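Asks:
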Amino acid sequence: MQIAFAKAALPKSGILVVPMAEGGALEGLAAALDKALGGGLGRAMEAASFTGKKGQSASLLAPGAGLKRVLLMGIGKAESFTAKLAEELGGAAQAALAKETEATVLADKLAPDLAAHIGLGARLRSYRFDKYRTTEKEDEKPKLASFKILSASAVKSEAAYAPLAAVAEGVELTRNLVTEPANELYPEEFAKRTEALKKLGVKVEIFDKKDLEKLGFGSLLCVGWGSARESRMVVMQWFGASGSSSSEGKKTKKLKNPIAFIGKGVTFDTGGISIKPAAGMEDMKWDMAGAGTVTGLMAALAGRKAKVDAVGLIGLVENMPSGTAIRPGDVVKSYSGQTIEVLNTDAEGRLVLADVLYYAQERFAPKYMVNLATLTGAIIVGLGHEYAGLFSNNDELSEKLLAAGKATGEGLWRMPLAPLGESYDKNLNSDIADVKNIGGGRAGGSITAAQFLQRFVNGKPWAHLDIAGMAWAGKDTAVTPKGATAFGVRLLDQLVRDNFEA
Ligand code: BES
Ligand code: MN
Ligand code: ZN
Numbered sequence: 339m340q341i342a343f344a345k346a347a348l349p350k351s352g353i354l355v356v357p358m359a360e361g362g363a364l365e366g367l368a369a370a371l372d373k374a375l376g377g378g379l380g381r382a383m384e385a386a387s388f389t390g391k392k393g394q395s396a397s398l399l400a401p402g403a404g405l406k407r408v409l410l411m412g413i414g415k416a417e418s419f420t421a422k423l424a425e426e427l428g429g430a431a432q433a434a435l436a437k438e439t440e441a442t443v444l445a446d447k448l449a450p451d452l453a454a455h456i457g458l459g460a461r462l463r464s465y466r467f468d469k470y471r472t473t474e475k476e477d478e479k480p481k482l483a484s485f486k487i488l489s490a491s492a493v494k495s496e497a498a499y500a501p502l503a504a505v506a507e508g509v510e511l512t513r514n515l516v517t518e519p520a521n522e523l524y525p526e527e528f529a530k531r532t533e534a535l536k537k538l539g540v541k542v543e544i545f546d547k548k549d550l551e552k553l554g555f556g557s558l559l560c561v562g563w564g565s566a567r568e569s570r571m572v573v574m575q576w577f578g579a580s581g582s583s584s585s586e587g588k589k590t591k592k593l594k595n596p597i598a599f600i601g602k603g604v605t606f607d608t609g610g611i612s613i614k615p616a617a618g619m620e621d622m623k624w625d626m627a628g629a630g631t632v633t634g635l636m637a638a639l640a641g642r643k644a645k646v647d648a649v650g651l652i653g654l655v656e657n658m659p660s661g662t663a664i665r666p667g668d669v670v671k672s673y674s675g676q677t678i679e680v681l682n683t684d685a686e687g688r689l690v691l692a693d694v695l696y697y698a699q700e701r702f703a704p705k706y707m708v709n710l711a712t713l714t715g716a717i718i719v720g721l722g723h724e725y726a727g728l729f730s731n732n733d734e735l736s737e738k739l740l741a742a743g744k745a746t747g748e749g750l751w752r753m754p755l756a757p758l759g760e761s762y763d764k765n766l767n768s769d770i771a772d773v774k775n776i777g778g779g780r781a782g783g784s785i786t787a788a789q790f791l792q793r794f795v796n797g798k799p800w801a802h803l804d805i806a807g808m809a810w811a812g813k814d815t816a817v818t819p820k821g822a823t824a825f826g827v828r829l830l831d832q833l834v835r836d837n838f839e840a
C-alpha cells in the first residue's frame, strides 16, 4: 500500500475519510465537502447521531459530488488527539476500506505531524504475510493500494513520515521473521537474513557454533544440543552517534557506551526432553520474537539514521528432544564462568540470554541494556495480553521505558525484582552448581526467570521485557492485524528517540 501526502484540495471522486473532533465544527475541506454535498454531511451526522466521539464512525454511500463514499470517523476531543490516536485512526480507516482500491483522508485541519502518524497507522495495519498463499481468490484479497492524506503542509507531513516509514519497515521485518515457520527459519537462516541490514549501514557479525564453542558459550549451546540445526549468535552494530568512531575514516569503528538490545531467538521450542504438551506447541515457532524485535529495531534505527550508538545481539537456537539433547540434571558452564544445573530443559530462553547478556556487557560496556524474550507462560497468567512484564534493576531506565510504552501504546507493567541473595533470588541456588535454571515451583515463575537473568548482569542498568503475552495477537487491534505484532520495535525506537539521541 502506497502512503502519500498531498496539498489540501477537495477531490472530485473516490472515497474520502473525514476525521471529526467531538463537538468540532465543519472546517476546511470538511466544510467544502459539506457545501459540495448541499449540506449532506451535516444532515448525515445528524441522522447517524454522529458527534465525533472517539471510535464513532458513519458511512455515506454515493453521497453526490462524484464521490463513491464518505467515511466519517470520530477522533474525540481535538486537544487530546495524540500521535498514538492518529495511528489508531489510520489503522481503523485502512481496515474499514481494505476492499476498496484507494482512499483519501482529509487531514488539513490536523498538525502535519499527526497526519504523518495517520499514515503510519494505516501502513502498520495493512501488513499481510502472503508468502505461502497460492490459492486465494482475487476478490478475497485486500485491494487498498493508494492511501492519500491531504495535509495543511504536505512537505512537513512527508518530512515527518520519512522516519516513521523506516520504523514501519523495521516492524514489517520483525513480523516477517516471527511469522515464518520453523522449518524455514532456523538459526542459520535467521542469521543469514540479518545480513540484509548491512545495506542500511549496520555492521553484522555472525558467530557460528565453532565460534561460540571457542568463546565458551556453554549455556546457550546446550539448548541446541538436541537439534539438527546449529546455533548462532548475531551482533549488529549501528554507529549513529558522532563520538562513535574512535579512528575516523578507518575500519576500526568502536561503539562508545552504546545502548544494547538483546533478544531471545529460540526458532522452535519443543521444551526439549522436558517436552511440552502437543496442544498449542505450534505457537513455539514464535519463541524467537525477542530476536526478531531486536533485528527489526536495528533496521528501524539505521533506516532513520538515528543519532545513537546501538548494538543488537541475538542468540539463535532450536530446542529439540533427541539422543544428543541436554538432560534434566546436566550441568553446563556459562560464558560468565558460572556453572548452571539445568533442571528443566524447557526453561531454555534464560540459558540463551545468560551468555548473550554477559557477552554484551563484557564487550560493549553498554550504558543501558534491554533484553526482550518470550520467556515465561506465567507472564501471560499475570498480565494477559495487555502489557509486557518489565523487570529492571534501575528506576530511571524503567521510567523511560514506561513512558515510551504509554506514548506508543506498547504497554509495560513493572514487576518485582529482588537484589542478589534476597528471597526470590535464593530459590535459584543449586545443590551441586552455582545456579539452577528453575526454582520456586510454579509460584512467581516470571520473577524467577528474571532473577535468573540478573545473575548474569554485572550491576549495569538493565531491563528485561517478558513479551510472551504480546508477541503474537489472536485478534486484530488498531494498528496490528492478528498474528505477529513486532511488539517492542516502536516502543524501543521511541525510547531511543526520547532519551538517547544527540
Ligand atoms: N517459550 C516458553 C515461554 C512461553 C510460553 C512463551 C507460552 C509464549 C507462550 C519458555 O521457554 C518456557 O517454556 N517457559 C516455561 C518455564 C518453566 C519450565 C519454568 C514456562 O513458562 O512454562
Ligand atoms: Mn521453553
Ligand atoms: Zn522458550
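Just so you know, the sequence shown maps onto residues 339 to 840 in our numbering.
Note that beta-carbon positions come from the ideal geometry of N, C-alpha and C, so glycine has one too.
Every value quoted in this text rests on a predicted model; they were computed, and no experiment measured them.
When a residue counts only if its C-beta is closer than 5 Å to some heavy atom of the ligand BES, which residues count, in chain order?
Replies: The set, ordered by position in the chain, is 607, 625, 682, 684, 685, 687, 712, 714, 715, 776, 806.
Asks: In the structure shown, what three-state DSSP assignment does residue 585 receive?
Replies: Locating residue 585 in the sequence shown gives position 247, where the first residue counts as 1. Summary for residue 585: the model assigns pLDDT 47, below 50, so the residue's position carries little reliability, and this model does not support an answer.
Asks: Just to confirm, are residue 505 and residue 638 a CB contact at a threshold of 9 Å?
Replies: For the purposes of this step, residue 505 is taken as the residue at position 167 of the sequence shown. For the purposes of this step, residue 638 is taken as the residue at position 300 of the sequence shown. The answer is yes: Cβ separation under 9 Å.
Asks: Residue ranges of each alpha helix (DSSP H) run of no fewer than 4 residues wholly in the region 481-562, ordered along the chain?
Replies: Segments of the alpha helix (DSSP H) lying fully in the region 481-562: 492-517, 525-532, 547-553, 556-561.
Asks: Got a sec? Which residues, its chain only, sit under 7 Å from residue 832 by beta carbon, not counting five neighbours each side?
Replies: In the sequence shown, counting from the first residue as 1, residue 832 sits at position 494. If we look at residue 832 and ignore the five residues flanking it on each side, its Cβ neighbours are 742, 745, 746.
Asks: Checking contacts by CB at 9 Å: is residue 456 closer than that to chain D?
Replies: In the displayed structure, chain D is absent; only one protein chain is listed.
Asks: Hey, residue 704 and residue 598: beta-carbon distance below 9 Å or not?
Replies: By 1-based counting over the sequence shown, the position of residue 704 is 366. By 1-based counting over the sequence shown, the position of residue 598 is 260. The answer is yes: Cβ separation under 9 Å.
Asks: Does the separation of the CB atoms of residue 564 and residue 662 fall below 9 Å?
Replies: Within the sequence shown, numbered from 1, the residue matching residue 564 stands at position 226. Within the sequence shown, numbered from 1, the residue matching residue 662 stands at position 324. Yes. Within cutoff.
Asks: Taking just the CA atoms, how far does residue 356 sit from residue 410?
Replies: On the sequence shown, position 72 is the one that residue 410 refers to. On the sequence shown, position 18 is the one that residue 356 refers to. So the alpha carbons of these two residues sit roughly 5 Å apart.
Asks: Can you find a heavy atom of the ligand NAP that lies under 8 Å from the Cβ of residue 437?
Replies: Within the structure as shown, the ligand NAP is missing, the only ligands being the ligand BES, the ligand MN and the ligand ZN.
Asks: With DSSP as the reference, please indicate the residues paired to residue 707 in a beta bridge.
Replies: As a first step, residue 707 must be located in the sequence shown, where it is residue number 369. DSSP lists 598, 800 as partners of residue 707.
Asks: Does the ligand MN have a heavy atom nearer than 8 Å to the CB of residue 623?
Replies: As a position in the sequence shown, residue 623 is number 285, starting the count at 1. Because no heavy atom of the ligand MN lies under 8 Å away, the Cβ of residue 623 does not count as near it: no.
Asks: With 16 other CB atoms within 10 Å as the buried threshold, where does residue 796 fall?
Replies: Residue numbering aside, residue 796 sits at position 458 when the sequence shown is read from its first letter. With fewer than 16 Cβ atoms within 10 Å of its Cβ, residue 796 is classed as exposed.
Asks: Taking buried to mean at least 16 other C-beta atoms within 10 Å of its own C-beta, is residue 345 buried or exposed?
Replies: Here residue 345 refers to the residue found at position 7 when the sequence shown is read from its first residue. The residue in question, residue 345, is exposed, as its Cβ has fewer than 16 Cβ neighbours within 10 Å.
Asks: Taking 9 Å as the cut-off, decide whether the C-beta atoms of residue 575 and residue 552 are in contact.
Replies: Residue numbering aside, residue 575 sits at position 237 when the sequence shown is read from its first letter. Residue numbering aside, residue 552 sits at position 214 when the sequence shown is read from its first letter. No, Cβ-Cβ distance for residue 575 and residue 552 is not below 9 Å.
Asks: Rounded to the nearest angstrom, what separates residue 780 and residue 669 at their Cα positions?
Replies: Here residue 780 refers to the residue found at position 442 of the sequence shown. Here residue 669 refers to the residue found at position 331 of the sequence shown. About 22 Å.
Asks: For residue 731, which beta-bridge partners are listed by DSSP?
Replies: Residue mapping note: residue 731 aligns to position 393 of the sequence shown, counting from 1. Paired residues: none, contrary to the question.
Asks: With the cut-off set at 9 Å, would you say residue 803 and residue 729 are in Cβ contact?
Replies: Mapped onto the sequence shown, residue 803 falls at position 465. Mapped onto the sequence shown, residue 729 falls at position 391. Yes.
Asks: Counting pairs of beta carbons, one from the region 339-354 and one from the region 494-504, are three or more of them closer than 8 Å?
Replies: With the cut-off at 8 Å, the region 339-354 and the region 494-504 touch.
Asks: Measuring alpha carbon to alpha carbon, tell me which residue in 650, 659, 503 is nearest residue 544.
Replies: Position 206 of the sequence shown, counting from 1, holds the residue named residue 544. The candidate whose alpha carbon is nearest that of residue 544 is 650.
Asks: In chain order, which continuous runs of the beta strand (DSSP E) of length 3 or greater are located wholly inside the region 418-484?
Replies: Fully enclosed beta strand (DSSP E) runs of 3 or longer: 440-445.
Asks: I'd like the span of the beta strand (DSSP E) that includes residue 677, first residue to last.
Replies: Stepping through the sequence shown from its first residue, residue 677 is reached at position 339. Where residue 677 is concerned, the enclosing beta strand (DSSP E) stretches over 677-680.
Asks: Just to check, is the beta-carbon of residue 604 closer than 8 Å to a non-hydrogen atom of the ligand ZN?
Replies: Position 266 of the sequence shown holds residue 604. Yes.
Asks: Report the option in 631, 613, 477, 492 whose CA atom is closest to the CA atom of residue 748.
Replies: Here residue 748 is taken as the residue at index 410 of the sequence shown, counted from 1. Cα-wise, what sits closest to residue 748 is 631.
Asks: For residue 770, count neighbouring Cβ atoms within 10 angstroms of its own Cβ and tell me buried if that reaches 16, exposed if not.
Replies: The residue you call residue 770 lines up with position 432 of the sequence shown. Classification for residue 770: exposed.
Asks: Are the beta-carbon atoms of residue 696 and residue 571 separated by less than 9 Å?
Replies: For this step, residue 696 is matched to residue 358 along the sequence shown. For this step, residue 571 is matched to residue 233 along the sequence shown. Against a cut-off of 9 Å, the Cβ pair of residue 571 and residue 696 comes out as no contact.
Asks: Assuming residue 683 and residue 612 make a contact with CB atoms under 8 Å, what is their CB distance in whole Å?
Replies: Numbered from its first residue, the sequence shown carries residue 683 at position 345. Numbered from its first residue, the sequence shown carries residue 612 at position 274. The pair is a contact, with the Cβ atoms about 4 Å apart (cut-off 8 Å).
Asks: Quick one: give me the first and last residue of the alpha helix (DSSP H) that residue 718 is part of.
Replies: The residue labelled residue 718 in the question sits at position 380 within the sequence shown. Taken as a continuous stretch (DSSP letters only), the alpha helix (DSSP H) holding residue 718 covers 716-721.
Asks: With three or more C-beta pairs closer than 8 Å as the rule, is the region 445-462 touching the region 426-437?
Replies: Yes, the region 426-437 is in contact with the region 445-462.
Asks: Please name the residue or residues paired with residue 769 in a DSSP beta bridge.
Replies: Residue 769 sits at position 431 when you count from the first residue of the sequence shown. Partner(s): none; residue 769 has no beta bridge.
Asks: Cutting at 8 Å between CB atoms, please list the residues of its own chain near residue 446, excluding the five before and the five after it.
Replies: The sequence position of residue 446 within the sequence shown is 108, counting from 1. Excluding positions up to five away in sequence, the list reads 346, 366, 367, 488, 489, 490.
Asks: What residues in its chain sit with their C-beta under 6 Å from that of residue 585, if we drop five residues either side in the sequence?
Replies: Counting from one through the sequence shown, the residue named residue 585 turns up at place 247. Because residue 585 sits at a pLDDT of 47, beneath the cut-off of 50, its placement in the model cannot be relied upon, and the point is left open.
Asks: Using a Cβ-Cβ cutoff of less than 6 Å, which residues in the same chain neighbour residue 511 once the five nearest sequence positions on both sides are dropped?
Replies: Sequence index remark: in the sequence shown, residue 511 carries index 173 (1-based). Answer for residue 511: 634, 637, listed in chain order.
Asks: Over what stretch of residues does the alpha helix (DSSP H) that includes residue 808 continue unbroken?
Replies: Sequence index remark: in the sequence shown, residue 808 carries index 470 (1-based). Taken as a continuous stretch (DSSP letters only), residue 808 belongs to no alpha helix (DSSP H), as it is neither H nor E.
Asks: Go ahead and pull the three-state DSSP assignment for residue 402.
Replies: As a working mapping, residue 402 is identified with position 64 in the sequence shown. Correct three-state label for residue 402: strand.
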